[in-house]
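Structure first, commentary second.
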Amino acid sequence: MGRNDLCWCGSGKKWKKCHFPNVGAGQTTPSALSPEELKKHYLKKYDILIKTKEQIEGIRQACVLTSNILDAICAEAKAGVTTLHLDEVSQRLHGAANAIPACLNYGQPPFPKTLCTSLNEVICHGIPNETVLKDGDILNIDVSSILNGYIGDCSRMVTIGKISPEKQLVVDVAYECLMRSIAILKPGIPVSAIGDVIEAYANSKGCSVVHQFVAHGVGVRFHEGPQVPHCRNKNSIVIVPGMIFTIEPMINAGVSEAVIDIHDGWVARTRDGKPSAQWEHTLLITDTGHEILTPWKRL
Numbered sequence: 002m003g004r005n006d007l008c009w010c011g012s013g014k015k016w017k018k019c020h021f022p023n024v025g026a027g028q029t030t031p032s033a034l035s036p037e038e039l040k041k042h043y044l045k046k047y048d049i050l051i052k053t054k055e056q057i058e059g060i061r062q063a064c065v066l067t068s069n070i071l072d073a074i075c076a077e078a079k080a081g082v083t084t085l086h087l088d089e090v091s092q093r094l095h096g097a098a099n100a101i102p103a104c105l106n107y108g109q110p111p112f113p114k115t116l117c118t119s120l121n122e123v124i125c126h127g128i129p130n131e132t133v134l135k136d137g138d139i140l141n142i143d144v145s146s147i148l149n150g151y152i153g154d155c156s157r158m159v160t161i162g163k164i165s166p167e168k169q170l171v172v173d174v175a176y177e178c179l180m181r182s183i184a185i186l187k188p189g190i191p192v193s194a195i196g197d198v199i200e201a202y203a204n205s206k207g208c209s210v211v212h213q214f215v216a217h218g219v220g221v222r223f224h225e226g227p228q229v230p231h232c233r234n235k236n237s238i239v240i241v242p243g244m245i246f247t248i249e250p251m252i253n254a255g256v257s258e259a260v261i262d263i264h265d266g267w268v269a270r271t272r273d274g275k276p277s278a279q280w281e282h283t284l285l286i287t288d289t290g291h292e293i294l295t296p297w298k299r300l
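Residues 2 to 300 (our numbering) make up the sequence shown, in order.
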């Protein structure tokens with residue numbers, strides 16, 4: 002969208018006269034900039050890479066592959082199966098697609114597996130091991146894949162057999178938080194609007210939102226700007242076309258605090274041992290709204 006195009010909001014005004022990001026008191030982005038200047042400003046000030054058409058297409062392909070791998074792994078998650086088996090499936094599927102698991106050896110200490118498997122009270126960054134899935138478990142499977150240099154990132158919940166009402170509630174609320182926040186995405190809104198929607202809905206259902214982890218830009222690097230909090234916040238960065246980021250709310254049945262495992266430095270659990278759930282999509286901001294790049298569907 003160029004500055005002289007009609008604004009996405011339907012006002013009939015030019016973008017530059019309506020929702021084009023302006024600098025002023027409390028504003029975060031400059032007015033009177035060309036699209037190319039705006040890209041440079043966002044990258045320099047916020048580490049936000051506004052993607053080119055070529056990059057968007059590459060990221061779209063990576064996201065489709067990531068989503069397909071996620072679906073295939075979720076189909077393997079059944080009672081009697083270990084989470085280590087799911088990692089083995091991930092290794093095989095990535096290899097068959099000539100893709101690279103983005104989380105393998107990522108960070109410090111290096112993450113040791115090709116996906117995250119977060120079980121019951123584990124909020125995120127669960128490490129696959131010999132734990133056997135059993136009736137009543139809930140499991141988040143988080144897959145990130147690199148294809149031709151571009152990255153896709155998504156996750157889903159899997160329920161094993163008959164689960165408790167408390168677990169069903171947190172699984173359902175987490176999904177609804179994701180979809181409600183996606184529904185508002187369009188150019189011109191602040192990043193903070195995402196967290197407003199998520200926390201309001203989660204709290205209305207008696208659940209809490211984890212504050213210690215955020216969503217993020219993705220596509221060219223695994224973690225780019227912007228950071229996207231899932232709770233109420235004051236991030237006034239204006240969303241513009243060409244941004245690609247995840248939304249991945251972590252919702253707890255009890256208190257919001259996470260405790261990091263001191264032994265592996267990765268696994269985050271709820272402080273009170275209550276269950277947690279998370280769903281994740283990668284999103285593209287378009288001229289008129291948004292596109293979900295990771296096409297998994299909730300079963």
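Every residue, glycine too, gets a C-beta built ideally from N, C-alpha and C. A quick note: this is a predicted structure, and the numbers were derived from the prediction, not measured.
Using the Cα positions of Ile-161 and Gln-109, report the straight-line distance between them to the nearest angstrom. Start at 1 with the first residue of the sequence shown, and residue 161 comes out as number 160. Start at 1 with the first residue of the sequence shown, and residue 109 comes out as number 108. Each residue's Cα considered, the two are about 32 Å apart.
In the DSSP assignment, what are the bridge partners of Met-251? The residue labelled residue 251 in the question sits at position 250 within the sequence shown. DSSP output for Met-251 lists Gln-279 as bridge partner(s).
Cβ-based neighbour list, Leu-66, same chain, cut-off 8 Å, excluding 5 preceding and 5 following: As a first step, residue 66 must be located in the sequence shown, where it is residue number 65. Only Ala-98, Ala-100, Ser-146, Leu-148 and Gly-153 meet the Cβ criterion.
Suppose the cutoff is 6 Å on Cβ atoms and the five residues either side in sequence are ignored; what does the same chain contact list for Pro-230 look like? Within the sequence shown, the letter at position 229 stands for residue 230. The residues are Gly-196 and Val-215.
Of all the options Ser-277, Ile-51 and Ile-60, which has the alpha carbon lying nearest to the alpha carbon of Val-172? Against the sequence shown, residue 172 aligns to sequence position 171. Looking at the Cα atoms, Ser-277 is the closest of the given residues.
Where Leu-105 and Arg-61 are concerned, what is the direct C-alpha to C-alpha distance, given to the nearest angstrom? Numbered from 1 along the sequence shown, position 104 holds the residue referred to as residue 105. Numbered from 1 along the sequence shown, position 60 holds the residue referred to as residue 61. For Leu-105 and Arg-61, the distance between alpha carbons rounds to 21 Å.
How long is the line joining the alpha carbons of Gly-137 and Leu-71, rounded to whole angstroms? Indexing the sequence shown from 1 puts residue 137 at position 136. Indexing the sequence shown from 1 puts residue 71 at position 70. Near 21 Å, if we compare the C-alpha coordinates of Leu-71 and Gly-137.
Pairs of beta-carbons, one from the stretch 279-290 and one from the stretch 242-254, closer than 8 Å: are there three or more? Yes, the stretch 279-290 touches the stretch 242-254.
Within 10 Å of its beta-carbon, does Tyr-202 have 16 or more other beta-carbons around it, so buried, or fewer, so exposed? If you number the sequence shown from 1, residue 202 lands on position 201. Under a 10 Å Cβ-count criterion, Tyr-202 is classified as buried, with 16 or more other Cβ atoms of the shown protein chains found around its own Cβ.
Taking the C-alpha atoms as reference points, what is the distance between Glu-262 and Glu-37? To locate residue 262, count along the sequence shown from 1; it is residue 261. To locate residue 37, count along the sequence shown from 1; it is residue 36. Reading off the sequence, residue 262 comes out as Asp, not Glu. Asp-262 and Glu-37 have their C-alpha atoms spaced approximately 44 Å apart.
What are the uninterrupted segments assigned as alpha helix (DSSP H) that are 4 or more residues long and contained completely in the stretch 44-130, given in chain order? If we require 4 residues or more, the alpha helix (DSSP H) runs fully inside the stretch 44-130 come out as 54-77 and 84-97.
Short Cβ contact (9 Å threshold) for Ala-269 with Val-256: Counted from its first residue, the sequence shown places residue 269 at position 268. Counted from its first residue, the sequence shown places residue 256 at position 255. Between Ala-269 and Val-256, the C-beta spacing is not below 9 Å.
Going by C-alpha to C-alpha distance, which of Arg-233, Ile-248 and Val-210 sits closest to Gly-226? Position 225 of the sequence shown, counted from the start, is the residue given in the question as residue 226. The residue from Arg-233, Ile-248 and Val-210 with its alpha-carbon nearest to that of Gly-226 is Ile-248.
Grab the span of the beta strand (DSSP E) containing Leu-140 for me, first residue to last. Indexing the sequence shown from 1 puts residue 140 at position 139. Annotation: the continuous beta strand (DSSP E) that includes Leu-140 extends over 139-148.
Contact set for Cys-64: own chain, Cβ-Cβ below 6 Å, skip 5 residues either direction: Start at 1 with the first residue of the sequence shown, and residue 64 comes out as number 63. So the qualifying residues of the chain are Gly-153, Thr-283, Leu-294 and Thr-295.
Is the beta carbon of Gly-127 less than 9 Å from the beta carbon of Leu-120? Taking the sequence shown and counting its residues from 1, the one referred to as residue 127 is at position 126. Taking the sequence shown and counting its residues from 1, the one referred to as residue 120 is at position 119. Contact flag set, yes.
When the Cα atoms are used, what is the spatial distance from Thr-271 to Val-159? To locate residue 271, count along the sequence shown from 1; it is residue 270. To locate residue 159, count along the sequence shown from 1; it is residue 158. If you draw a straight line from the Cα of Thr-271 to the Cα of Val-159, it is about 18 Å long.
In chain order, what residues of the same chain have a beta carbon less than 6 Å from the beta carbon of Asp-273, not counting five sequence neighbours either side? For the purposes of this step, residue 273 is identified with residue 272 of the sequence shown, where counting begins at 1. So the list reads Gly-255 and Val-256, once near-sequence residues are dropped.
Residues that Glu-258 bridges to, as DSSP identifies them: By 1-based counting over the sequence shown, the position of residue 258 is 257. None; Glu-258 has no bridge partner.
Counting only the same chain and skipping the five closest in sequence on each side, list residues whose C-beta sits under 7 Å from that of Gly-290. The count along the sequence shown starts at 1 and reaches residue 290 at position 289. If we look at Gly-290 and ignore the five residues flanking it on each side, its Cβ neighbours are Leu-186 and Lys-187.
Once you ignore the five residues that flank Ala-73 on each side, which residues in its own chain have a CB closer than 8 Å to its CB? Counting from 1 along the sequence shown, the entry for residue 73 is found at position 72. Within the same chain, Ala-73 has close Cβ partners Val-90 and Leu-94.
Look up Arg-270 in the DSSP assignment and say whether it is helix, strand or coil. Within the sequence shown, numbered from 1, the residue matching residue 270 stands at position 269. Correct three-state label for Arg-270: strand.
Backbone CA spacing between Gln-92 and Val-123 [nearest angstrom]: The sequence position of residue 92 within the sequence shown is 91, counting from 1. The sequence position of residue 123 within the sequence shown is 122, counting from 1. Pairing Gln-92 with Val-123, the inter-Cα distance amounts to about 22 Å.
Span of the alpha helix (DSSP H) holding Val-198? Position 197 of the sequence shown holds residue 198. Residues 193-205.
How is Val-241 classed by DSSP in three states: helix, strand or coil? If you number the sequence shown from 1, residue 241 lands on position 240. The answer is coil: DSSP assigns Val-241 none of H, G, I, E or B.
May I ask you to list the residues that DSSP assigns as paired with Val-228? Working through the sequence shown from its first residue, we reach residue 228 at position 227. This sequence places Gln at residue 228; Val is not what is there. Bridge partners of Gln-228: His-217.
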